[in-house]
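A quick write-up on the structure given underneath.
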Amino acid sequence: MDGSTNDAPNDAPKEGTTEIDLYEILGVPPTASKAEIRKAYHKKALASHPDKVPPEQREEAEAQFKAASQAYEILNDEEKRHLYDTHGMAAFDGSGGPGMGPEVNMEDILNMFGMGGGVPGMGRGGRKMRRSPDENQKYEVSLMDLYKGKTVRFTSTKNVICSKCNGTGGADKAKPKECASCKGQGIKQVVSQVGPGMLTQRMVECGACEGTGQVFNPKDKCKKCKGKRTTEEKKQLELYIPRGAREGDQIRLEGEADQVPGAEQTGDIVFHLVEQPDDVFQRAGNDLSAKLEITLAEALTGFHRVVLQHLDGRGIELRHPQVPGQILRPGEVLRVPGEGMPIKKSEAKGDLYLVVDVRFPDDGYFSDPHVLEQLQKLLPGPPPPIEAEETDEVTWEQADIEDIGGPEAHEAWEDEDGPHHAQCQTQ
Ligand SMILES: [Zn+2]
Ligand SMILES: [Zn+2]
Numbered sequence: 001m002d003g004s005t006n007d008a009p010n011d012a013p014k015e016g017t018t019e020i021d022l023y024e025i026l027g028v029p030p031t032a033s034k035a036e037i038r039k040a041y042h043k044k045a046l047a048s049h050p051d052k053v054p055p056e057q058r059e060e061a062e063a064q065f066k067a068a069s070q071a072y073e074i075l076n077d078e079e080k081r082h083l084y085d086t087h088g089m090a091a092f093d094g095s096g097g098p099g100m101g102p103e104v105n106m107e108d109i110l111n112m113f114g115m116g117g118g119v120p121g122m123g124r125g126g127r128k129m130r131r132s133p134d135e136n137q138k139y140e141v142s143l144m145d146l147y148k149g150k151t152v153r154f155t156s157t158k159n160v161i162c163s164k165c166n167g168t169g170g171a172d173k174a175k176p177k178e179c180a181s182c183k184g185q186g187i188k189q190v191v192s193q194v195g196p197g198m199l200t201q202r203m204v205e206c207g208a209c210e211g212t213g214q215v216f217n218p219k220d221k222c223k224k225c226k227g228k229r230t231t232e233e234k235k236q237l238e239l240y241i242p243r244g245a246r247e248g249d250q251i252r253l254e255g256e257a258d259q260v261p262g263a264e265q266t267g268d269i270v271f272h273l274v275e276q277p278d279d280v281f282q283r284a285g286n287d288l289s290a291k292l293e294i295t296l297a298e299a300l301t302g303f304h305r306v307v308l309q310h311l312d313g314r315g316i317e318l319r320h321p322q323v324p325g326q327i328l329r330p331g332e333v334l335r336v337p338g339e340g341m342p343i344k345k346s347e348a349k350g351d352l353y354l355v356v357d358v359r360f361p362d363d364g365y366f367s368d369p370h371v372l373e374q375l376q377k378l379l380p381g382p383p384p385p386i387e388a389e390e391t392d393e394v395t396w397e398q399a400d401i402e403d404i405g406g407p408e409a410h411e412a413w414e415d416e417d418g419p420h421h422a423q424c425q426t427q
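Residue numbers (the numbering used here): 1 to 427.
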């Protein structure tokens, strides 16, 4: 799947120069993701490591290693990859353009690969477009939708190659002229300052001709696209989010990105899922957790009720204890097998963990001395007495955990009157 001699239709080279194919060097298709490129590079780099090959192959291995490194350097960088995809190696001509180390000559390297034939960096000959760029978008999705799965229909407005001029931008039989701004190169060198006294040169696409190197006279422009080479088209698309999908999952709508004239393939729309936090449930992989709030009476005597509503709307009914006399304490965790998140591509689900929180009665709930006495009789008594030579009965006041350490522990808190004055709010 490659076709390394195809060129943009406008300016096919006359003498059939061989285009360097960085994708071929790494052995990946032009559609390869960043991760695939990285993997392929690591494989190549490892295979051509000088220690791994016999001495007589060392030189060749070294060259292969360098070529793979150069290919990786360009393809791993989105901006460089785009330049390469749209302009081929022309964007990185011999002048030591982006990514070209001073001591490495790309042409030498490629000759060793049997892919030589001159670096077609001199203008139009090397221009070649493989694939229009992917369109990356974040898609926020609720935990409920990730639990149940969801299909979203939406209308996408995409650029498609103009059907009237086939993407040339010109009227029938009109001849374009060379773009004056870039002298027909389609790319221009820009110098920008990256630091005090530090200048960097890089190649960017020419804006005047949108990288084609050619422009039409106003009267020669295609009537349908007005010379823009593409037209807008609305399309109904469907985004399917499978049950159990996770934050960071990518959903690709293949070939649905904008079409770019001259590109052999059209990029994808890639949705990157972002999980929205839920009020009730927290997710950890395939498991869910939630707070189980019970009353003091329930903690001591048990309960049998619906304790929460699941993400699909079901009530989750729980009976506690399973053994008479069991008490639930704050912070205890109950596991409910099979009530976590669905696991993608299976019928299985993770588990649900319920973390116990005991809700104590409000102040004053037990104010009747008779009731208090009864409670005291029912509940366990005090711990065994502490034997001390001397005891002091002390007073106390309501405080906050933040108060510990006093002003010293909280530098912002400055009060010359001392901690007592500043802290006694409650009595
Ligand atoms: Zn047109
Ligand atoms: Zn131009």
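Cβ coordinates follow ideal geometry from the N, Cα and C atoms, glycine included. Computed from a predicted structure; not experimentally measured.
query, result
"Same chain, Cβ closer than 8 Å to residue 65, neighbours up to 5 away in sequence not counted", "44, 45, 48, 49, 50"
"Ligand 2 heavy atom lying under 8 Å from the CB of residue 208", "yes"
"Proximal residues to residue 114 (C-beta, below 6 Å), its chain only, five neighbours per side dropped", "Unreliable placement is indicated for residue 114, whose pLDDT of 37 sits below 50; the coordinate value is still reported in the next sentence. Closer than 6 Å at Cβ, skipping near neighbours: no residue."
"CB contact flag (residue 139, residue 243, <9 Å)", "no"
"Length of the line joining the Cα atoms of residue 135 and residue 328", "52 Å"
"Same chain, Cβ closer than 8 Å to residue 177, five either side skipped, listed in chain order", "214, 215, 216, 217"
"When 239, 78, 89, 188 are compared against residue 207, the one with the closest alpha-carbon", "188"
"Stretch-stretch touch, CB-based, cutoff 8 Å, three pairs: the region 150-170 with the region 51-60", "no"
"Per DSSP, the bridge partner or partners of residue 139", "273"
"Closer than 8 Å: residue 225 CB and nearest ligand 1 heavy atom", "yes"
"Residue 185 CB to nearest heavy atom of ligand 2 below 8 Å", "yes"
"Supposed close pair residue 169, residue 222 - CB separation, criterion 8 Å", "6 Å"
"Buried versus exposed call for residue 153 [16 or more other C-beta atoms within 10 Å across all chains shown]", "exposed"
"Three-state secondary structure (DSSP) of residue 34", "helix"
"Residues bridged to residue 151 [DSSP beta-bridge criterion]", "240"
"Terminal residues of the beta strand (DSSP E) in which residue 69 lies", "Note, residue 69: premise wrong, no beta strand (DSSP E); alpha helix (DSSP H) at 58-75."
"Beta-carbon proximity of residue 264 to residue 30, cut-off 9 Å", "yes"
"Presumed contact (8 Å Cβ cut-off) between residue 251 and residue 286, rounded CB distance", "In fact, because the Cβ distance is near 19 Å, the residues do not count as touching under 8 Å."
"DSSP-derived helix/strand/coil call for residue 265", "strand"
"Bridge-paired residues (DSSP) for residue 195", "198"
"Nearest-angstrom beta carbon gap, residue 267 and residue 87 [assumed within contact, 8 Å]", "The pair is not a contact, with the Cβ atoms about 16 Å apart (cut-off 8 Å)."
"Neighbourhood of residue 150 by C-beta distance below 6 Å, restricted to the same chain and skipping five residues each side", "241"
"Spatial distance of residue 81 from residue 132 (CA atoms)", "11 Å"
"Sheet register partners of residue 305 (DSSP bridge)", "318"
"Helix, strand or coil at residue 44 [DSSP, three-state]", "helix"
"Residue 179 beta carbon near ligand 2 (any heavy atom closer than 8 Å)", "yes"
"Same chain only: Cβ atoms within 8 Å of residue 145, ignoring 5 sequence neighbours per side", "241"
"Closest Cα partner of residue 92 within the set 157, 40, 374, 22", "22"
"Beta bridge counterpart(s) of residue 203 as assigned by DSSP", "189"
"Cross-strand partners of residue 259 (DSSP beta bridge)", "In the DSSP output, where bridge partners are listed per residue, residue 259 has none listed."
"Distance, residue 310 Cα to residue 373 Cα", "41 Å"
"Host beta strand (DSSP E) of residue 353 (start-end)", "352-359"
"Contact the region 191-200 vs the region 290-299: 3+ CB pairs below 8 Å", "no"
"Where residue 381 falls: helix, strand or coil (DSSP)", "coil"
"Residue 188 Cβ short of 8 Å to ligand 2 heavy atom set", "yes"
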